[in-house]
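Numbering-wise, the sequence shown is residues 3 to 212 according to this note's numbering. A virtual CB, placed ideally from N, CA and C, is assigned to each residue, including glycine. Values in this document were obtained by computation on a predicted structure and should not be read as measured data.
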Amino acid sequence: MLPYLDATLAFALTMLAVATLVTYLVRVFKNTLSVRQEGMKQMLEEYFSEEFKPVIQRELNRLKTTVNSRVAAKLEETLKQYDTSIEKAKLEGLTDLATDELLEQLKRSELGQKILSDLGDHAIAIFDELGRRYEVVGWKATESFRNNSRTWSFIFALVIALVLNVDSLYIANSYVNNAGLTQAVIAQKDTFVQDYNTLVDTLEKEYGRE
Numbered sequence: 003m004l005p006y007l008d009a010t011l012a013f014a015l016t017m018l019a020v021a022t023l024v025t026y027l028v029r030v031f032k033n034t035l036s037v038r039q040e041g042m043k044q045m046l047e048e049y050f051s052e053e054f055k056p057v058i059q060r061e062l063n064r065l066k067t068t069v070n071s072r073v074a075a076k077l078e079e080t081l082k083q084y085d086t087s088i089e090k091a092k093l094e095g096l097t098d099l100a101t102d103e104l105l106e107q108l109k110r111s112e113l114g115q116k117i118l119s120d121l122g123d124h125a126i127a128i129f130d131e132l133g134r135r136y137e138v139v140g141w142k143a144t145e146s147f148r149n150n151s152r153t154w155s156f157i158f159a160l161v162i163a164l165v166l167n168v169d170s171l172y173i174a175n176s177y178v179n180n181a182g183l184t185q186a187v188i189a190q191k192d193t194f195v196q197d198y199n200t201l202v203d204t205l206e207k208e209y210g211r212e
């Protein structure tokens, strides 16, 4: 029974090593093609084209009962004429942008300064909602990135299996029939696990929450 348990452990470690290699290749591929930078650009495009002005307009409508109507009307006119490409241009090239950083950027903008000066404390609600909608857009972009990563992982796994001829049954039988090979793989357990954990930590820092 023990040889089979050792063979199972060795096989699991081998699959872990393959998974680590596949994930590393996906990371290299994505970084090479600047996929994250492009994804950030698309996310900001969606945010400023579909969320930014509608959110402010919606909040202004809600605040009309509590702020001066003429002030609200002037802000609405400013909003209609405001060119959001100015803000997008300032953020181009980024691969990551936290909500707090975005809001700080928006508050320093021409429109943001006007909202703050004209609405005072009421401006907080507008920026809070802008931040919330940014997080929603970011969540959707993250989900899309994860799905794409799974697809590329699958493709790379197929390629590696073909190129390296990773035959699961053959590997399993080799471990069952060759105790020396099995023990040699098991002896590298800590290395395999450490490599995997290091890669996971790196990905979490690069790509955010999983």
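About 20 Å separates the CB atoms of methionine 45 and glycine 114; that is not less than 8 Å, and the two are not in contact. If you draw a 10 Å sphere on the C-beta of isoleucine 128, you find 16 or more other C-beta atoms in it, and that means buried.
One thing to note: glutamine 190 has its Cβ no nearer than 9 Å to the Cβ of aspartate 8. Approximately 6 Å separates the beta-carbon atoms of glutamate 137 and threonine 101; this is inside 8 Å, confirming the contact. Following the DSSP letters along the chain, one finds glycine 182 inside the alpha helix (DSSP H) bounded by residues 181–189. The Cβ-Cβ distance between tyrosine 177 and leucine 183 falls below 9 Å.
Under the three-state reduction of DSSP, threonine 204 is assigned to helix.
Secondary structure note for glutamate 53: it is in no alpha helix (DSSP H), with a DSSP letter that is neither H nor E.
The residue from Val195, Leu77, Tyr6 with its alpha-carbon nearest to that of leucine 15 is Val195. With fewer than 16 neighbouring CB atoms inside 10 Å of its own CB, tyrosine 6 falls in the exposed class. Between glutamate 53 and arginine 135, the beta carbon gap of about 5 Å places them in contact (Cβ cut-off 8 Å).
Assignment of leucine 99 by DSSP, reduced to helix, strand and coil, places it in the coil class. Going by C-alpha positions, glutamate 40 is about 18 Å away from isoleucine 88. Following the DSSP letters along the chain, one finds glycine 122 in no alpha helix (DSSP H), marked with neither H nor E. With fewer than 16 other beta carbons inside 10 angstroms of its own, isoleucine 126 counts as exposed. With respect to the 9 Å criterion, leucine 121 and leucine 77 are classified as neighbours on the basis of their beta carbons.
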